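So that you can map any letter, position 67 of the sequence shown is 67 in the UniProt record's numbering, and since no number is skipped, the others follow by simple counting.
The beta-carbon is built from N, C-alpha and C at its ideal position, and this holds for glycine as well.
Owing to the predicted nature of the structure, the values given are computational and were not obtained by experimental measurement.
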Amino acid sequence: MLAGCGDGEEELVMSMFSEKPAETKLLLTLLTFGVTLGGSIGVCALTGEAGDFFGGASWSWETAAAAAVGALASGPLVALYAAMWMPSARAAFPAVDSRQNGVAGTLRPILNNLSWAQAAAVCVLDVSSTVALQLPALQGALAKSFGLYATFLQDKGVPVPAGVPEAAALASTAALWGAAFYAYYAATAEEVEVVDTAVANADRYYRLVAMGMASRSGDAEWEAALFKAAAAQWLSEKKANSSLNALLQIFEVVFLGMLWRATGNLAAPLTAALLANAVDFACVYRSMPRTEDSQH
1 MLAGCGDGEE
11 ELVMSMFSEK
21 PAETKLLLTL
31 LTFGVTLGGS
41 IGVCALTGEA
51 GDFFGGASWS
61 WETAAAAAVG
71 ALASGPLVAL
81 YAAMWMPSAR
91 AAFPAVDSRQ
101 NGVAGTLRPI
111 LNNLSWAQAA
121 AVCVLDVSST
131 VALQLPALQG
141 ALAKSFGLYA
151 TFLQDKGVPV
161 PAGVPEAAAL
171 ASTAALWGAA
181 FYAYYAATAE
191 EVEVVDTAVA
201 NADRYYRLVA
211 MGMASRSGDA
221 EWEAALFKAA
231 AAQWLSEKKA
241 NSSLNALLQI
251 FEVVFLGMLW
261 RATGNLAAPL
271 TAALLANAVD
281 FACVYRSMPR
291 TEDSQH
C-alpha cells in the first residue's frame with residue numbers, strides 16, 4: 001500500500017553507498033565530522049565561547065579522571081541500549097522492535113565492507129561530532145542567551161536562581177533534539193494521506209473484489225475490517241516508534257548534559273555517549289554477514 005510513497009531515491013542512494021569501498025566511507029564520515037565540528041566551533045565563536053569549545057577537556061589527569069567518571073556513569077545508558085536489542089524486549093514491545101530495525105537499516109549501509117576497527121572509527125567520529133554540537137555549541141549558546149535574559153531580569157530586581165540559564169539551555173536542547181527525532185521517524189504527510197484514502201475506500205474495494213470472486217458480502221465486510229485494523233495498527237506503531245525515539249534522545253541529551261555540568265569536563269559525557277552508542281554499532285555490525293575485506 002505504501003510502496004508508491006516517495007520516489008525511491010533515498011533507498012537507491014543508500015544501496016549504492018552500501019557497496020562503496022571502506023576508504024570512501026571513512027573519507028565521507030571524516031568530511032561530515034569536519035563540517036559538523038566546524039559548524040559547532042562557528043556557533044561557539046559567534047557566542048564568544050570559542051575559547052571553551054572543548055568544554056573543559058584538555059590533555060590532563062583531570063580530563064582522564066572525568067573520562068573515567070563518564071565510563072562509570074554510562075551504566076544506565078549502556079544497559080538501556082543493550083536491553084532493547086534483547087529478543088524478549090523486541091518481541092514484547094513492537095515500538096522497540098521498530099526502533100531497532102530502523103537503527104539497523106541506517107547503520108548497515110555505513111558498516112558494510114568495514115573492518116571492526118574502521119567501524120569503531122566511524123562510531124567515534126559520529127558520536128564525537130554529535131556531542132560537540134549538543135553540548136559546547138548548542139547548550140553553550142543557549143546558556144549564554146538565557147544568561148543575558150537572567151541578567152536583564154536581575155537588573156530589574158527580579159531574582160533569578162543560579163543555574164537557571166544552564167537548566168533552561170539543557171531543557172531546550174533536549175526538546176529540540178527530541179522534536180527532530182520525532183519528526184524524522186513519524187509517518188509522513190504522504191503516508192498518512194495514502195493510508196486514510198485506502199481506509200476510506202476499503203469497504204467499496206472489498207465489495208468489488210467479493211463480487212468478482214462470487215464471495216459472500218460478509219467476507220467483504222470482514223476483510224475490510226481487517227484492513228482497517230491493520231492500517232490503524234501501522235499508524236499506531238509509527239507513532240509509538242517516533243515517540244520512543246524522541247524520548248530516548250531527550251533522556252540521552254539530559255543525561256549527558258547533566259554529566260557535563262556536574263563534572264565541568266566534556267570528556268565525561270563524551271565517554272558515556274561513546275559507550276552507549278557503541279552498543280548499537282556493535283549489535284548491528286555483529287548481525288551483518290562478514291566479507292573477506294571486513295574481517296581484517
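Q. Considering only C-alpha positions, which residue in the set L28, L244, S128 is nearest to A278?
A. It is S128.
Q: Label G34 either buried or exposed according to how many other C-beta atoms from any shown protein chain fall within 10 Å of its C-beta, with 16 as the threshold for buried.
A: exposed
Q. Under 8 angstroms, do S18 and P109 count as touching if we go by C-beta distance?
A. yes
Q | V160 to Q249 span [Cα, whole Å] | A | One alpha carbon belongs to V160, the other to Q249, and they sit about 29 angstroms apart.
Q) In three-state terms, what does DSSP make of W85? A) In the structure shown, W85 sits in coil (DSSP, three-state: anything other than H, G, I, E or B).
Q) Cβ of V103 within 8 angstroms of Cβ of V284? A) yes
Q | Where the alpha helix (DSSP H) containing P101 begins and where it ends | A | Pro is not the amino acid found at residue 101; the sequence shown has Asn there. Counting along the chain, the alpha helix (DSSP H) containing N101 begins and ends at 94–111.
Q | Local Cβ density within 10 Å of residue 298, reported as buried at 16 or more and exposed below that | A | For the chain, the structure presents residues 1 to 296; residue 298 sits outside this window and is missing.
Q | Ordered list of alpha helix (DSSP H) runs contained in the region 130–170, each at least 4 residues | A | Runs of the alpha helix (DSSP H) inside the region 130–170: 140–155.
Q. If you compare alpha carbons, which of A150, W260, A230, S115 is closest to K25?
A. S115
Q | Nearest candidate by alpha-carbon position, reference G163, set L274, A210, L208, L142 | A | L142
Q. Can you give the beta carbon distance from W222 to V195, rounded, assuming they're within the 8 angstroms contact cut?
A. Wrong, their Cβ atoms sit about 20 angstroms apart, outside the cutoff.
Q. Nearest to G140 by alpha carbon, out of M14, M258, L12, L274?
A. Of the candidates M14, M258, L12, L274, the one whose C-alpha sits nearest the C-alpha of G140 is M258.
Q: Compute the distance between the beta-carbons of A202 and K238, then report whether it is under 8 angstroms.
A: no
Q: Can you give me the start and stop residues for the alpha helix (DSSP H) that R197 sits inside?
A: It should be noted that the sequence gives Thr, not Arg, for residue 197. Its alpha helix (DSSP H) spans residues 189–200.
Q: Mark Q118 as exposed unless 16 or more other C-beta atoms lie within 10 angstroms of its C-beta, in which case mark it buried.
A: buried
Q.
Rounded to the nearest angstrom, what separates G4 and A198 at their Cα positions?
A. With a pLDDT of only 47 at G4, under the threshold of 50, the placement of this residue in the model should not be trusted; the figure read from the coordinates follows. Distance between the alpha carbons of G4 and A198 is about 13 angstroms.
Q. Of the residues S15, R90, Q134, Y184, which one's Cα is nearest the Cα of L266?
A. Q134
Q) What number of angstroms, rounded off, separates the C-alpha of L138 from the C-alpha of Y205? A) 51 angstroms
Q. If you draw a straight line from the alpha carbon of P94 to that of L153, how long is it in whole angstroms?
A. 48 angstroms
Q) Helix, strand or coil: which one does DSSP assign to E19? A) When secondary structure is reduced to three states using DSSP, E19 falls in the coil class, being assigned neither helix nor strand.
**Q.** Rounded separation between A82 and V69 - CA only
**A.** 20 angstroms
**Q.** Beta-carbon proximity check, T63 vs A71, cutoff 8 angstroms
**A.** no
Q) I think A175 touches P165, with their Cβ atoms under 8 angstroms apart; what is that distance to the nearest whole Å? A) No, A175 and P165 are not in contact; Cβ-Cβ is about 16 angstroms, not under 8 angstroms.
Q | Rounded separation between T36 and T130 - CA only | A | So the two alpha carbons sit approximately 8 angstroms from each other.
Q: In angstroms with no decimal places, state the Cα-to-Cα distance between F54 and F281.
A: 25 angstroms
Q. Distance, Cα to Cα, A224 vs V192?
A. 18 angstroms
(Q) Quick check on DSSP: helix, strand or coil for G4? (A) For G4, the predicted model reports a pLDDT of 47, less than 50, meaning its position is unreliable and no value from the coordinates is stated.
Q: Could you say which of A180, A210, A200 lies nearest to L247 if we only look at CA atoms?
A: A180
(Q) Which same chain residues end up closer than 7 angstroms to P21 when comparing Cβ atoms and leaving out the 5 residues on each side of it in sequence? (A) N113
**Q.** Among V13, A231, L30, W59, the one whose alpha carbon lies nearest that of A121
**A.** L30
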